[in-house]
Amino acid sequence: MRVSKMFLATQREIPADAEIPSHQLMLRAGLIRKVASGIYSFMPMGYRVYRKVENVIREEMDKAGAEELIMPAILPAEVYMASGRWDRFGPEMFRLKDRGGRQFCLGPTHEEPFTEAVRDTIRSYKQLPVTLYQIQHKYRDEKRPRFGIMRCREFVMKDAYSFDVDEAGLDVSYQTMYEAYNKIFTRLGLDYTIVDADSGAMGGSGSQEFMVKSEVGEDGICYCDSCGYAANEEKAVCVAPEMDQAEMLPVEKIHTPDVKTIEELMAYMNAEPSAFVKTILYNIDGRIVAAMVRGDRDINETKLANLYDATEMDLASFADVEEITGAKVGFAGPVGLKKPIDVIADLEVASMKNFIVGACETDYHLKNVNIGRDFEPTKVVDIRNLIEGDKCPKCGGSIKMARGVEVGHIFKLGTKYSKALNCVYLDKDGKENTMVMGCYGIGVGRTLAAIIEQYNDEDGIKWPVEIAPFKAIVVPTKVTDEENMALAEKIYKDLQDRGIEVMIDDRNERPGVKFKDADLIGIPVRITVGRRASEGIVEVKLRMTGEVSEMTAEEAVNKVFDVK
Ligand code: ATP
Ligand code: MG
1 MRVSKMFLAT QREIPADAEI PSHQLMLRAG LIRKVASGIY SFMPMGYRVY
51 RKVENVIREE MDKAGAEELI MPAILPAEVY MASGRWDRFG PEMFRLKDRG
101 GRQFCLGPTH EEPFTEAVRD TIRSYKQLPV TLYQIQHKYR DEKRPRFGIM
151 RCREFVMKDA YSFDVDEAGL DVSYQTMYEA YNKIFTRLGL DYTIVDADSG
201 AMGGSGSQEF MVKSEVGEDG ICYCDSCGYA ANEEKAVCVA PEMDQAEMLP
251 VEKIHTPDVK TIEELMAYMN AEPSAFVKTI LYNIDGRIVA AMVRGDRDIN
301 ETKLANLYDA TEMDLASFAD VEEITGAKVG FAGPVGLKKP IDVIADLEVA
351 SMKNFIVGAC ETDYHLKNVN IGRDFEPTKV VDIRNLIEGD KCPKCGGSIK
401 MARGVEVGHI FKLGTKYSKA LNCVYLDKDG KENTMVMGCY GIGVGRTLAA
451 IIEQYNDEDG IKWPVEIAPF KAIVVPTKVT DEENMALAEK IYKDLQDRGI
501 EVMIDDRNER PGVKFKDADL IGIPVRITVG RRASEGIVEV KLRMTGEVSE
551 MTAEEAVNKV FDVK
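Read in order, the letters of the sequence shown correspond to residues 1 to 564 in my numbering.
If you want it as structure tokens, here you go:
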């Protein structure tokens, strides 16, 4: 491709609303263009990379024996009603009506239509197992679309679904996908880790996520170096601490006027945050629930939502807090609530004695509160996030924390969807049985962005060869110089003849401008045809390592061919 003819739109400035490197670089290199919040176009250069990522995924899925098909993105409501997800998806689902008033949605994930397709096609155990997949657009009206194509509202997912005769069969299908995923992410050059994941709204018995370690990751990963335990923070299990054996002291009501923050309160009461228990009110599908964790802990909203099988969960409104506690926000506690609501206490809270809570009265706190004597929680369960240094639930070792970007997710669904949609087969004895399912997703765009997060420097992107938009770029430093240009054209042609995807920057621009663009876009090999063109000598620079060397034009062509 000739750069002079290309639709190239690089930009030097860092776009104002792009917070993370991959988003900034994708905009600067002209790979994507924002159309609306969380909705992007892939421009030609970006689409080349996108197709390569997609193809790596496709090749490994095919090798693993999965069959590709494509389903519509627009689906009738009935498909999701039978499984209950028409309601369950809540506001994340894009919904629309046709001219006759019939309800449709833009598919957020396709368990239901795949289950129906298999149900209507497969009769006998002899036709199983089967794994089907598609690489297709998904639509989710995310609460917080951000980071460019990392979390958007229209995105491409590779979603696969396996159908087996029993759990043992599912284990095999799941393992096959697990291995295919490892091959995919390894080929894509990613440094990733596999963690136990929350099965959340999908139901099912087990799931793992493929996480690309990255500072900008939205997910917390808890891991243990001693035993290899690794789990998404959403799922990581807390170990119940030993019971505090202290004597219960009499409750004291303390006047705490004008203390707004937990720090002010600590100073005022001369106590550590671990002596407090915070009570936070949530609105879970319209019902108010109080959740209690130690003062220095964070509530794990996934664990709490799972407890209620929730579709929508938010902090309770100020009005609700005031009505239920009879006090201004900031003084909620489990004692003296004005209305009966569920009080969920974290495991750790249940091990504490004589703690401090809000008094359900404006400007007051209670000291020396104890479970059993002063209040009885509705439930005592694990509802907090693990933190660095916590005990590993598997071996008791010390938990470490990292951030990660979830690029892939594999689930053992079991019979949740096959049961709901009556997806059955006849076994050897002619008896009807329910199929056992798995599902397996990879975000194509998110994966692409994660690759950029791991491969960039201050000059731009450093594509691994496998997915680079072009493998090489020939840069003549002076297009008006015939000799210079002739050699550049020759190298360009030789590379093309050898099947290399190559660009030639034939623009009448300063070399500095061309070098900046090539570095920004991240082309793996740059061949500069400059001062020594008359001797047939060129300069070859590798973007990944920065290595520069001079060689003959012929050697340069061979070098490009050999770079892996
Ligand atoms: P998250 O927790 O990040 O919202 P999820 O659990 O909702 O992800 P899945 O339903 O498991 O995601 O989807 C499978 C894959 O699709 C994810 O691993 C991710 O790579 C990708 N994905 C999910 N949501 C988005 C999104 N909003 N934008 C881009 N990719 C996404
Ligand atoms: Mg999500």
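A virtual CB, placed ideally from N, CA and C, is assigned to each residue, including glycine.
In its own chain, which residues sit with a C-beta less than 8 Å from the C-beta of residue 393, not counting the 5 before and 5 after it?
229, 236, 237, 238 and 239
Rank 137, 334 and 446 by C-alpha distance to the C-alpha of residue 110 and give the top, closest one.
137
Beta-carbon separation (whole angstroms), residue 125 vs residue 542, contact threshold 8 Å
The Cβ separation is near 54 Å, so there is no contact.
Beta-carbon proximity check, residue 522 vs residue 461, cutoff 8 Å:
yes
So what's residue 282 in DSSP terms, helix, strand or just coil?
strand
Given this structure, state the Cα-to-Cα distance separating residue 53 from residue 21, to the nearest angstrom.
19 Å
With a threshold of 16 other CB atoms inside 10 Å of the CB of residue 215, please say whether the residue is buried or exposed.
exposed
Can you name the start and end residues of the beta strand (DSSP E) that residue 245 belongs to?
In the DSSP annotation of this structure, residue 245 is not part of any beta strand (DSSP E), being labelled neither H nor E.
Verify the contact flag: residue 441, CB atom, against every heavy atom of ligand 1, threshold strictly below 7 Å.
Yes - ligand 1 has a heavy atom lying nearer than 7 Å to the Cβ of residue 441.
Where do the ends of the alpha helix (DSSP H) carrying residue 208 lie?
Taken as a continuous stretch (DSSP letters only), residue 208 belongs to no alpha helix (DSSP H), being part of the beta strand (DSSP E) at 206-213.
Let me check understanding here. Comparing Cα to Cα, which of 497, 34, 514 and 498 lies closest to residue 505?
514
I need the boundaries of the alpha helix (DSSP H) containing residue 446, first residue and last residue.
444-454
Note down, in chain order, each residue of its chain lying with its Cβ closer than 6 Å to the Cβ of residue 342, except the 5 sequence neighbours on either side.
289 and 378
Less than 8 Å between the C-beta atoms of residue 471 and residue 548, yes or no?
no
From which residue to which residue does the beta strand (DSSP E) around residue 194 run?
Residues 192-196.
Alpha carbons only, please: which of 384, 531, 370 and 496 is nearest the one belonging to residue 304?
384
Any idea if residue 208 is buried or exposed, counting beta-carbon neighbours within 10 angstroms, 16 or more meaning buried?
Buried.
Going by DSSP in three states, residue 562 sits in which element: helix, strand or coil?
helix
Less than 7 Å between C-beta atoms, sequence neighbours within five positions excluded: which residues of the same chain meet that for residue 86?
77 and 80
Run through the stretch 83-164 for me and flag every whole beta strand (DSSP E) of 3 or more residues, listed as ranges in chain order.
94-97, 103-106, 130-139 and 154-164
What distance in whole Å lies between the Cβ atoms of residue 348 and residue 294, which are believed to be in contact at a cut-off of 8 Å?
5 Å
As assigned by DSSP and simplified to three states, the class of residue 181
helix
Measuring from the CB of residue 107, is there a heavy atom of ligand 1 at a distance below 7 Å?
Because no heavy atom of ligand 1 lies under 7 Å away, the Cβ of residue 107 does not count as near it: no.
Distance check for residue 130 and residue 68, CA to CA, integer angstroms please.
11 Å
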